[in-house]
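Residue numbers (the numbering used here): 1 to 455. All C-beta atoms in this analysis are idealised placements derived from N, C-alpha and C, irrespective of residue type, glycine included. No experiment lies behind these values; they were computed from the predicted model shown. Report on the following structure.
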């Protein structure tokens, strides 16, 4: 196994210790919005009159990377980063990441992975380089980057590589997708751009089902490995390269036939290096469509654009899934100080949330239907349910039940939201979230314990 893949795999163990629930469902994509307009207060220098492309968010949603030839770089294309305090905060101005990632050569196609692991492409000339621009790997420790290491010539080639995208499959293997124009790819004798993948640092293999005799490149795979976006010049595009997408039922299954994303997601200007956020609810793309900054030639330059979609509520949300990735998170409630402590399975991030009192009973559930578990408690002293919605951090109090009731929150009306409910001596008292009505059900005896019991 390639040592760099071992490093990434070890760093990801805590994140992917449990198999994900596959087949997440999403709404359609929204119309694209220029990133500077997406969140009020975002830096007006997020996009510039220069070429800003290869956009991608870090898994925690707090760092955003691009490749750009804007002034202030070390030479050619450089990698730049913007940061923010929270996932709802505006993005700050881009800062050049500097050496050792950037060099006097072209450095581009950044691809952050969990726990500081970072892939990128560089045309730097050094011992061990394989020919054209190669894929490199580094890891960030605090504010310091390790010296980047070339992934070697089983993955890299005499041609040029683009857009590395790392994920871990359900069997625990590290998988890296990327594009390459190496000779004799999908088309014998051809040098068109094709999509490849490597497992655990092994030799590059053509990705099945997504390549044609046209240019197919710059792939980005959702973190569960079940959705890919890439750009292609195959027939059906609106102008230059367009964004196409494909899904599959598991990481061992073949990709379904790629689908062209319609206008206005794609445009006649060319749309490249689309990438998905960790939760799959945002997609960013580099595009010179109308509305982009005007370059020195009087035409729109490459800007970063963003589209959003919602994760449709599953009928059965994983218990204690606070980050909405379909995996239960390791979590505890500490009565001594009324705090919740969570290790988010999606990013490995530790979260501490004060919510509740020492005598409260825990009733976590997805009360707002956003696919994430909400912090919630029942207070026997006043018969109230206190809920903190994960969607907007708003606070809600619902009076429902007695101190002696057995708590049984669950989705009883099938609307994708948890309903406050109690069981009392063979009678169920359910407050339906779909319409606010009360549902009484007679089932069980006084000594029975509800299967949906929160205690």
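For residue 286, the three-state secondary structure derived from DSSP is strand.
Assignment of residue 201 by DSSP, reduced to helix, strand and coil, places it in the coil class. Residue environment analysis places residue 304 among the buried positions, since at least 16 neighbouring C-beta atoms fall within 10 angstroms of its C-beta. With contacts defined by Cβ atoms closer than 8 Å, residue 264 and residue 32 form a contacting pair.
As the crow flies, the alpha-carbon of residue 384 is around 43 Å from that of residue 247.
DSSP places residue 150 within a strand segment (E or B) once states are collapsed to three.
Per DSSP, reduced to three states, the secondary structure at residue 34 is strand. Out of 216, 26, 339, the CA that lies nearest to the CA of residue 179 is found in 216.
Counting the other Cβ atoms within 10 Å of the Cβ of residue 259 gives fewer than 16, which makes it exposed. From the listed residues 344, 170, 353, the smallest Cα separation to residue 333 is found for 353.
Residue pairing by DSSP puts residue 384 in a beta bridge opposite 379, 399. For residue 176, the uninterrupted beta strand (DSSP E) segment begins and ends at 174–180. In the structure shown, residue 114 falls within a helical segment according to DSSP collapsed to helix, strand and coil.
Taking C-beta atoms as the reference points, residue 76 and residue 52 fail to come closer than 8 Å.
In the three-state reduction of the DSSP assignment, residue 211 falls in the coil class, being assigned neither a helical nor a strand state. Straight through space, the alpha carbons of residue 293 and residue 89 are spaced by roughly 23 Å. Contact annotation: the segment 102–118 touches the segment 152–166, with at least three C-beta pairs closer than 8 Å.
Between the alpha carbons of residue 205 and residue 221 lies a gap of roughly 16 Å. Linking residue 390 to residue 154 through their CA atoms gives a straight-line distance of about 44 Å. For residue 422, the uninterrupted beta strand (DSSP E) run begins and ends at 421–424, by DSSP.
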